[in-house]
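Mapping of the sequence shown onto the working numbering: position 4 corresponds to residue 39, and the numbering continues sequentially without gaps.
The structure appears below as structure tokens.
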Amino acid sequence: MQVKHLLLIAILALTAACSSKEVVDENLSEVELYQQAQTDLDNNSYTAATAKLKALESRYPFGRYADQAQLELIYANYKNTEPEAAKSAAERFIRLHPQHPNVDYAYYLKGLTSFDQDVGLLSRFLPLDMTKRDPGAARDSYNEFAQLTSRFPNSRYSPDAKQRMIYLRNLLAAYEIHVADYYLTRQAYVAAANRGRYVVENFQETPSVGDGLAIMTEAYQRLHLDDLAATSLETLKLNYPNHPTLVDGQFVPSVDEADNRSWLSKATLGLIESRPPLPPGETRANQDVQRQFRDAKDAIPNDLKPKDENGDVIEEEEHESEANNSDRSWFSYMTFGVFD
Numbered sequence: 036m037q038v039k040h041l042l043l044i045a046i047l048a049l050t051a052a053c054s055s056k057e058v059v060d061e062n063l064s065e066v067e068l069y070q071q072a073q074t075d076l077d078n079n080s081y082t083a084a085t086a087k088l089k090a091l092e093s094r095y096p097f098g099r100y101a102d103q104a105q106l107e108l109i110y111a112n113y114k115n116t117e118p119e120a121a122k123s124a125a126e127r128f129i130r131l132h133p134q135h136p137n138v139d140y141a142y143y144l145k146g147l148t149s150f151d152q153d154v155g156l157l158s159r160f161l162p163l164d165m166t167k168r169d170p171g172a173a174r175d176s177y178n179e180f181a182q183l184t185s186r187f188p189n190s191r192y193s194p195d196a197k198q199r200m201i202y203l204r205n206l207l208a209a210y211e212i213h214v215a216d217y218y219l220t221r222q223a224y225v226a227a228a229n230r231g232r233y234v235v236e237n238f239q240e241t242p243s244v245g246d247g248l249a250i251m252t253e254a255y256q257r258l259h260l261d262d263l264a265a266t267s268l269e270t271l272k273l274n275y276p277n278h279p280t281l282v283d284g285q286f287v288p289s290v291d292e293a294d295n296r297s298w299l300s301k302a303t304l305g306l307i308e309s310r311p312p313l314p315p316g317e318t319r320a321n322q323d324v325q326r327q328f329r330d331a332k333d334a335i336p337n338d339l340k341p342k343d344e345n346g347d348v349i350e351e352e353e354h355e356s357e358a359n360n361s362d363r364s365w366f367s368y369m370t371f372g373v374f375d
């Protein structure tokens with residue numbers, strides 16, 4: 036049935052798009068235009084109502100219904116699923132009539148348009164997780180509702196706006212958690228920890244705070260930052276003792292630690308390591324930077340190197356490399372370090 040509904044809506048949308056625009060009678064008076072627009076709104080004929088409201092505003096810009104036509108044009112565009120036109124009309128009304136007694140309605144419709152902008156055709160019929168989608172419209176809606184509640188705290192629309200803001204905060208926090216989980220799977224532990232901390236600091240009283248603490252704990256453990264990991268874990272145990280990552284009081288990472296060994300090492304069960312394992316906190320990128328630094332240092336001409344009193348180039352002693360070479364066994368020398 037869902038596929039049939041989608042096909043039917045697509046056919047109706049194409050038919051409506053191909054139909055010609057309604058022509059508004061030029062002989063209609065201001066009152067007749069407004070009355071016909073109201074009739075179209077009552078009959079859910081929002082395209083026709085939009086045409087008549089635009090005609091009313093352009094023909095009678097200083098008439099008795101001009102301000103009301105601008106306000107109802109926002110609603111008509113919103114109901115006609117034209118979010119950009121609705122927000123543009125709302126911004127125009129707020130700019131032209133900042134002291135209008137119904138300007139709070141323009142703020143409310145602007146936030147409501149952004150609130151419903153992500154609920155497209157597919158979202159109405161398919162079970163899509165809104166927390167995994169781009170939160171741009173949700174963030175805009177939250178900010179617009181915040182303007183309404185701060186400027187007009189006694190507005191009749193403020194209670195509904197506050198309830199929607201709670202939902203939007205939970206949605207934005209859940210989105211940040213999804214991003215942090217993705218970073219964990221990609222071994223981007225610093226980015227994951229930053230996302231988790233951002234949720235804890237900016238989305239208090241949302242269900243995602245516990246998840247943020249769990250991500251911080253896991254990321255800090257992977258980075259071998261034991262103090263930060265212990266602090267995050269204690270906070271998690273104290274505030275969210277029933278969190279899924281806590282089993283019998285012990286923290287269980289949600290993502291298994293990645294095996295970064297080469298295929299040769301995995302095939303030989305670790306008997307042959309093509310590259311030695313990295314020490315805690317060290318990365319291949321850091322080693323590459325150090326190697327590039329040494330190469331650039333060796334490429335410096337002797338004329339530019341520091342010299343002693345006799346004019347001889349001062350050579351730096353590499354005690355560390357000599358010590359490493361002295362620690363190598365005869366077997367390591369014979370196998371060129373393959374089995375180190």
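Just so it is clear, CB atoms sit at the ideal spot from N, CA and C, and this is done for glycine as well.
Coarse secondary structure for residue i, derived from DSSP in three states
| i | result |
| --- | --- |
| Gln-285 | strand |
| Lys-197 | helix |
| Lys-340 | coil |
| Gln-134 | coil |
| Gly-98 | coil |
| Asn-274 | helix |
| Ala-226 | helix |
| Asp-261 | helix |
| Leu-156 | Residue placement at Leu-156 is poorly supported in this model, since its pLDDT is 43, which falls under 50; the coordinates still yield a value, given next. In this structure, Leu-156 counts as helix in the three-state DSSP scheme. |
| Asn-345 | coil |
| Ala-334 | coil |
| Tyr-192 | coil |
| Gln-327 | helix |
| Asp-216 | helix |
| Glu-352 | Here the model assigns Glu-352 a pLDDT of 48, short of 50, so the residue's position is not dependable, and the following value carries that caveat. Glu-352: coil per DSSP, three-state reduction. |
Contact set for residue i: own chain, Cβ-Cβ below 6 angstroms, skip 5 residues either direction
| i | result |
| --- | --- |
| Arg-257 | Tyr-224 |
| Ser-190 | Asp-139 |
| Tyr-81 | Ala-111, Lys-114 and Asn-115 |
Extent of the continuous alpha helix (DSSP H) run through residue i
| i | result |
| --- | --- |
| Ser-93 | 81-94 |
| Gln-256 | 244-257 |
| Asp-77 | 65-77 |
| Gln-182 | 171-186 |
Sequence-distant residues of its chain with Cβ nearer than 7 angstroms to residue i (five each side left out)
| i | result |
| --- | --- |
| Thr-184 | Ser-193, Ala-196 and Lys-197 |
| Tyr-218 | Ala-226, Ala-227 and Arg-230 |
| Phe-150 | Ser-176 and Arg-199 |
| Asn-78 | none |
| Asn-278 | Checking the sequence, you will find His at residue 278 rather than Asn. For His-278, where only same-chain residues beyond five positions count, the Cβ hits under 7 angstroms are Gly-245, Ala-249 and Leu-271. |
| Leu-91 | Glu-65, Leu-68, Tyr-69, Ala-72, Tyr-100 and Ala-104 |
| Leu-268 | Thr-252 and Phe-286 |
| Ala-181 | Met-200 |
| Pro-242 | Asn-205 |
Residues near residue i by beta carbon distance below 8 angstroms, same chain, minus five either side
| i | result |
| --- | --- |
| Ala-124 | Gln-105, Leu-108, Ile-109 and Asn-112 |
| Leu-144 | Ile-109, Tyr-110, Tyr-113, Ala-121 and Ala-125 |
Three or more C-beta pairs below 8 angstroms linking the stretch 81-97 and the stretch 130-145:
no
Is the stretch 99-111 touching the stretch 82-91, taking contact as three or more C-beta pairs under 8 angstroms?
yes
Segment contact, 8 angstroms Cβ cut-off, at least three pairs: the stretch 263-274 with the stretch 241-254
yes
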